[in-house]
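**Student:**
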Amino acid sequence: MDMPVRPRRLRSSPALRKMVRETRMDASSLVYPLFVVEGENKKEEISSMPGQYRFSIDRMGEKLEELAKAGVNAVLFFGIPAHKDAAGSGAYAPDGIVQRALRVAKREFPHLYLIADLCMCEYTSHGHCGILQGQEVDNDQTLEYLARIAVSQAQAGADMIAPSDMMDGRIRAIRSSLDGHGFSNTPVMAYAAKFASAFYGPFREAADSAPAFGDRKTYQMDYHNRREALKEIALDVEEGADIVMVKPAMAYGDLIREAKELVRIPVAAYSVSGEYAMVKAAAAAGYLDEEKTICEMAVCAYRSGADVYISYFAKELAYFMKEGIIG
Ligand code: PBG
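Residue 410 in our numbering is what sits at position 163 of the sequence shown, and the numbering runs on without skipping anything.
#1: Regarding Arg271 and the ligand PBG, is the C-beta to nearest heavy atom distance less than 7 Å?
#2: Output the boundary residues of the beta strand (DSSP E) element that contains Ala437.
#3: Take Tyr499 and list the residues in its own chain whose beta-carbon comes closer than 6 Å to its own, dropping the five residues that flank it on each side.
#4: What are the boundary residues of the alpha helix (DSSP H) that includes Ser520?
#5: Return the bridge partner residues of Gly326 from the DSSP annotation.
#6: With respect to the alpha helix (DSSP H) encompassing Ala453, which residues constitute its N-terminal and C-terminal limits?
#7: Say the cut is 7 Å; is the CB of Cys542 nearer than that to a heavy atom of the ligand PBG?
#8: Select from Arg258, Ala274, Ser275 and Asp273 the residue whose C-alpha is nearest the C-alpha of Val267.
#9: Less than 8 Å between the C-beta atoms of Asp412 and Leu425, yes or no?
#10: Which first and last residues belong to the alpha helix (DSSP H) in which Glu537 is found?
#11: In whole angstroms, what is the alpha-carbon distance linking Phe325 and Pro261?
#12: Could you check if Gly377 belongs to the surroundings of the ligand MN, using beta carbon to heavy atom distance under 7 Å?
#13: List the residues that DSSP assigns as beta-bridge partners of Phe567.
#14: What does a CB cutoff of less than 7 Å around Phe567 pick up in its chain, not counting 5 residues either side in sequence?
#15: Report, in whole angstroms, the separation of the C-beta atoms of Asp617 and Ala439, which I expect to be a contact under 8 Å.
#16: Tell me where the alpha helix (DSSP H) around Met266 begins and ends.
#17: Starting from the C-beta of Ala329, find all residues in its chain whose C-beta is less than 7 Å away, skip the five residues before and the five after it, and write them out in chain order.
#18: Three Cβ pairs or more, each shorter than 8 Å: is that satisfied between the segment 330-344 and the segment 268-278?
#19: Let me know if Gln382 comes out buried or exposed under the rule of 16 or more other beta-carbons within 10 Å of its beta-carbon.
#20: Taking the C-alpha atoms as reference points, what is the distance between Arg419 and Ala488?
#21: May I ask you to report which of helix, strand or coil DSSP gives Val510?
#22: What is the residue span of the beta strand (DSSP E) that Ile557 lies within?
#23: From the DSSP output, in three-state form, read off Tyr392 for me.
#24: Assuming Leu365 contacts Ala409 under a Cβ cut-off of 8 Å, what Cβ separation, rounded to an integer in Å, is found between them?
#25: Can we count Val519 as close to the ligand PBG, meaning its CB is less than 7 Å from some heavy atom?
#26: Examine the ligand PBG and report whether any of its heavy atoms sits within less than 7 Å of the Cβ of Arg233.
#27: With a threshold of 16 other CB atoms inside 10 Å of the CB of Lys441, please say whether the residue is buried or exposed.
#28: What does the alpha-carbon distance come out to for the pair Arg511 and Ala348?
#29: Assuming Ser551 and Ile503 are in contact, meaning their beta carbons sit under 8 Å apart, how far apart are those beta carbons, in whole angstroms?
#30: Taking 8 Å as the cut-off, decide whether the C-beta atoms of Ala217 and Ala317 are in contact.
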């Protein structure tokens, strides 16, 4: 048959398929989210995220060591305080859970890159991501708190600050507060296009951060919107973000791609708790092959344009990358 172009030719052997792969990645782009709780000798499994745990500070080293051994060198810290209040004061306390965890991690694992998630929902008694005025989150008052939390995280040893609250103007407020306190070299990774998503369900159990009333739709984005996501991303760049994030990852590949085309800074994608939980549940039921599924999810995020991939499967992915199964 006269057919000069035969795409199958380049798929004819494993070596050739690997040679012409378009998406290349390695473990240095992976970030693992870690939950740290108050107390001692705790390693509590999160029931909606089998295989994921909340560690007390004295035991988090087990996980950090495991990650370092696997080649995952960046960790995103979430703190779960023992006491919550209306102002989320545990988020900026010098001896708060995340501040102490960061200090210990910095001392014991100096080679690890420590990223602090910056949000108030794990610390507020009402579970919202800011200060309430009646039933509403007061944007501008919340900015003062975010700015203060960022500095306290940087002082505790955070190498990077990652605000996930979605208040207007937070990147500018955080940037100027960091700069004013001698942290002008601490980068900010903005959760820039963060959608109000059902995929965060398991996280809220993990972090005990479900809102006590209402939802997060007045600050997190409506998932019907694409141009609005680009507006949020552009704004965060203008305000000084060093990295912009799209979250969730799996169902939002279109926006990862658009973010990549829009900005000249790195793009991160966060494969969230619900993505993890779905894979785990389907694999346990025998419906999906876990390894193949997580490889495909990750590669598709990178193919969409992600430079940084935040995943609860980071350790496994590092192995697959090292072995050349992906990447
Ligand atoms: C805090 C925060 C959330 C996640 C990251 N930071 C939860 C939320 O916004 O409700 C979700 C992470 C995940 O689902 O894995 N605001």
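Note that beta-carbon positions come from the ideal geometry of N, C-alpha and C, so glycine has one too.
Bear in mind the structure is a predicted one, so any value in this text is a computation, not a measurement.
**Tutor:** Let's see:
#1: no
#2: Met436 to Lys441
#3: Val493
#4: Ser520 to Ala531
#5: Val283
#6: Gly448 to Ala453
#7: no
#8: Arg258
#9: no
#10: Glu537 to Ser551
#11: 40 Å
#12: By its list of ligands, the structure shown excludes the ligand MN, since it contains just the ligand PBG.
#13: Paired residue(s): none; Phe567 is not in a bridge.
#14: Cys542 and Ile573
#15: Lying outside 248 to 574, the shown extent of the chain, residue 617 is not represented and no answer is given.
#16: Pro261 to Met266
#17: Glu285
#18: no
#19: exposed
#20: 8 Å
#21: coil
#22: Val555 to Ser558
#23: helix
#24: 6 Å
#25: yes
#26: Residue 233 lies beyond the residue range present for the chain, which begins at 248 and ends at 574; the question has no answer from this structure.
#27: buried
#28: 33 Å
#29: 4 Å
#30: Summary: the structure shown does not reach residue 217, with the chain confined to residues 248 through 574, and so no result is reported for it.
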